[in-house]
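Let me begin by presenting the structure, written as structure tokens, before commenting on it.
Protein chains: 2
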Amino acid sequence: MNVESKSQQAYRFIRDRIDDGRYVPGYRLVLGQIAGELEVSVVPVREAIRRLEAEGLVTFERNVGAQVALIKETEYLHTMQTLSIVEGAATALSAPYLMPEHLRRAREINERMRRSLDDFDPHRFTELNLEFHAVLFEECPNPHILDLVHRGWNRMRMLRDSSFSFVPGRARESVAEHERILDLLERGADPLEIELAARSHRTATLDAMLAYQAKHKHPHPEPLAATESRMP
Amino acid sequence: MNVESKSQQAYRFIRDRIDDGRYVPGYRLVLGQIAGELEVSVVPVREAIRRLEAEGLVTFERNVGAQVALIKETEYLHTMQTLSIVEGAATALSAPYLMPEHLRRAREINERMRRSLDDFDPHRFTELNLEFHAVLFEECPNPHILDLVHRGWNRMRMLRDSSFSFVPGRARESVAEHERILDLLERGADPLEIELAARSHRTATLDAMLAYQAKHKHPHPEPLAATESRMP
DNA sequence: CTGCTTGCGATCGTATACGATTTCGCCGCG
DNA sequence: CGCGGCGAAATCGTATACGATCGCAAGCAG
Numbered sequence: 001m002n003v004e005s006k007s008q009q010a011y012r013f014i015r016d017r018i019d020d021g022r023y024v025p026g027y028r029l030v031l032g033q034i035a036g037e038l039e040v041s042v043v044p045v046r047e048a049i050r051r052l053e054a055e056g057l058v059t060f061e062r063n064v065g066a067q068v069a070l071i072k073e074t075e076y077l078h079t080m081q082t083l084s085i086v087e088g089a090a091t092a093l094s095a096p097y098l099m100p101e102h103l104r105r106a107r108e109i110n111e112r113m114r115r116s117l118d119d120f121d122p123h124r125f126t127e128l129n130l131e132f133h134a135v136l137f138e139e140c141p142n143p144h145i146l147d148l149v150h151r152g153w154n155r156m157r158m159l160r161d162s163s164f165s166f167v168p169g170r171a172r173e174s175v176a177e178h179e180r181i182l183d184l185l186e187r188g189a190d191p192l193e194i195e196l197a198a199r200s201h202r203t204a205t206l207d208a209m210l211a212y213q214a215k216h217k218h219p220h221p222e223p224l225a226a227t228e229s230r231m232p
Numbered sequence: 001m002n003v004e005s006k007s008q009q010a011y012r013f014i015r016d017r018i019d020d021g022r023y024v025p026g027y028r029l030v031l032g033q034i035a036g037e038l039e040v041s042v043v044p045v046r047e048a049i050r051r052l053e054a055e056g057l058v059t060f061e062r063n064v065g066a067q068v069a070l071i072k073e074t075e076y077l078h079t080m081q082t083l084s085i086v087e088g089a090a091t092a093l094s095a096p097y098l099m100p101e102h103l104r105r106a107r108e109i110n111e112r113m114r115r116s117l118d119d120f121d122p123h124r125f126t127e128l129n130l131e132f133h134a135v136l137f138e139e140c141p142n143p144h145i146l147d148l149v150h151r152g153w154n155r156m157r158m159l160r161d162s163s164f165s166f167v168p169g170r171a172r173e174s175v176a177e178h179e180r181i182l183d184l185l186e187r188g189a190d191p192l193e194i195e196l197a198a199r200s201h202r203t204a205t206l207d208a209m210l211a212y213q214a215k216h217k218h219p220h221p222e223p224l225a226a227t228e229s230r231m232p
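Protein chains in written order, with the numbering used here: chain X, 1 to 232; chain R, 1 to 232.
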């Protein structure tokens, strides 16, 4: 009965293709073409693209057209930094609501992450990584914060290939940090301590990436207040 | 030459009316009616409303229509909590980039806030309050975070009447807290200290509101992890 | 009187049509 | 050979049209 609206359908269509990499950043979204593939008219497609634009996944230029958002490096760093903050907060806020069951599941996922490392399966690793944090956020009392976290993840997913795998050794540290966060949660540590641990879990990744890139590619990707936000 | 697109025009039209209170929360947005007032067709109006929906200012129900978002109390609290986090972070991130000139202007605005209190001008007070924080964020190196702050402010503005004025005495405390934040910035305090000060500046308002409401209206607006996020 | 059904008006959702704008290749000129 | 202008094709932006859906009120049965 209640079939989803065509604009919703178009939204999902495009969104799926962005998510799974068929539409790479920079890919030109031509209204008529997408409308043709979907067998709908251009109006719903325009709405869908507008929505994607508001979410930051797509850029839209008047009379020119839309394309999958190109994330510049500094943009990427800013998103990482923002993520570190909202993820840290979300973890701390969720802490009081996490049951032993959640922690058990999280540990189990983390174990699988460790194993995926031994199997050299980076794709599986990043997938499990998302799952891990998703478990921690399941009981987050503030859906707003959660929304911000998801926005950040979407953004990140668009560059999935420039994630962990690019910094040798970082993944293993990541697993260890997960362990530490779980320990803090388990013993009901101070929320601030949890927040900072979760935050630096992400900023450590960021810093590792910066260091790695500085050594291997550009001399300086651009100074950022990232490290200043790290807080010891 | 390059007149703004009609959908942009419609967006601004609606947005203005929401901002200045002509469209109150719950106000029903009828496509044809708005299109008529603007002398455009419904298609651009739909796009505008979709965008407002993505920004959270408007809710849209299929085959029923759009209305200015009704913010429930818990929603409000969540937004405040989120704001406390992102504002705190934004303040800390901006700290290294603030020149004495900025601090001077901020102090001056804060003084005017104090005076507006003596004149019993709450509208002016809230206006200056935004200005104050805007100055602190002028040099924020992370536009992402800033964007989140602005989103939060938009949300808040929709309930402007339930802000400071409802908690007697809170405004004066707020001025004092501004002073304290400025002091921390001036002496180049630890970023974490600045962040927590800015954060608790907002959560203090939240807590004051909750306490006030608990005493005067409802027994319990609903428990929230707010105080847990406050962090001493 | 109450509750369910039915029909109508209001409004939404989308297709189609067409003018407006941009892009890009082609041509002539320097 | 390069470059500036011109024209056609591609694409966008919006108006209009019309079917689809919802809400509400009137009518009918119990």
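We put the beta carbon where it would ideally sit given N, CA and C, even for glycine.
From the listed residues X:Ala176, X:Leu148 and X:Arg51, the smallest Cα separation to Gly88 of chain X is found for X:Leu148. Here the alpha carbons of Glu139 of chain X and Tyr212 of chain X stand approximately 35 Å from one another. In the structure shown, Glu4 of chain R falls within a coil segment according to DSSP collapsed to helix, strand and coil. His144 of chain X is positioned such that its CB atom lies no closer than 8 Å to that of Glu177 of chain X.
Using a Cβ distance threshold of 8 Å, Leu29 of chain R and Gly56 of chain R do not count as a contacting pair. Not a single CB atom of chain X sits nearer than 8 Å to the CB of Glu131 of chain R. Between Val30 of chain X and chain R, the shortest Cβ-Cβ separation is not below 8 Å.
Burial check for Gln33 of chain X: the Cβ neighbour count within 10 Å stays below 16, so the residue is exposed. Within its own chain, the residues whose Cβ lies closer than 6 Å to the Cβ of Arg105 of chain R, once the five positions on either side in sequence are excluded, are Val135, listed in chain order. In the three-state reduction of the DSSP assignment, Arg28 of chain X falls in the strand class. At a cut-off of 8 Å between C-beta atoms, Arg51 of chain X counts as an interface residue with respect to chain R. Take Ser7 of chain X, set aside five residues on each side of it, and the residues of its chain with a beta-carbon closer than 6 Å to its own are Pro44, Glu47 and Ala48, in chain order.
By the Cβ rule, the stretch 108 to 125 of chain R does not count as touching the stretch 180 to 190 of chain X, because fewer than three pairs are nearer than 8 Å. Burial state of Met113 of chain R is buried, judged by a 10 Å Cβ sphere holding 16 or more other Cβ atoms. By the rule that beta-carbons nearer than 8 Å mark a contact, Thr82 of chain R touches chain X. Taken atom to atom, the span from the alpha-carbon of Arg124 of chain X to that of Asn110 of chain X is near 12 Å. Two segments are said to touch when three or more pairs of C-beta atoms, one from each, lie closer than 8 Å; by this definition the stretch 83 to 100 of chain X touches the stretch 79 to 86 of chain R. Closest in C-alpha terms to Val167 of chain R, from the list R:Asp190, R:His133 and R:Thr205, comes R:Thr205.
A direct Cα-to-Cα measurement between Phe13 of chain R and Ile71 of chain X gives close to 31 Å.
At a Cβ-Cβ threshold of 8 Å, Glu195 of chain R and Ala92 of chain R count as neighbours.
In the DSSP assignment, Phe132 of chain R falls outside any beta strand (DSSP E) and within the unbroken alpha helix (DSSP H) covering Pro122 to Phe137. In the three-state DSSP reduction, Val68 of chain X falls in the strand class (E or B). DSSP, read as helix, strand or coil, puts Val42 of chain X in helix. For Arg115 of chain X, not one C-beta of chain R is nearer than 8 Å to its own C-beta.
In chain order, Ala92 and Ala95 place their CB closer than 7 Å to the CB of Pro191 of chain X, counting only its own chain and leaving out the 5 sequence neighbours on each side. Inclusion of Arg180 of chain X and Ser5 of chain R in the CB contact set at 8 Å is not warranted, their separation being larger than that value. Per the coordinates, the alpha-carbon of Glu73 of chain X lies some 43 Å from the alpha-carbon of Glu39 of chain R.
Pairing Gln67 of chain R with Thr59 of chain R gives a Cβ-Cβ distance under 8 Å. For Tyr23 of chain X, the number of other beta carbons within 10 angstroms of its own is at least 16, and it is reported as buried. For the pair Leu31 of chain X and Glu53 of chain X, the Cα-to-Cα distance works out to about 14 Å. Apart from sequence neighbours up to five positions away, the residues of its chain that approach Glu131 of chain R with a beta-carbon distance below 8 Å are Ile109, ordered along the chain. A direct Cα-to-Cα measurement between Pro100 of chain R and Arg199 of chain R gives close to 22 Å. In this chain, the alpha helix (DSSP H) harbouring Glu108 of chain X covers Pro100 to Asp118. For Glu61 of chain X, the enclosing beta strand (DSSP E) starts and ends at Val58 to Glu61.
If you draw a straight line from the Cα of Gly36 of chain R to the Cα of Leu128 of chain R, it is about 37 Å long. Shown here for His102 of chain X: same chain residues with a beta carbon closer than 8 Å to its own, the five before and five after excluded, namely Val135, Leu136, Glu138 and Glu139 in chain order.
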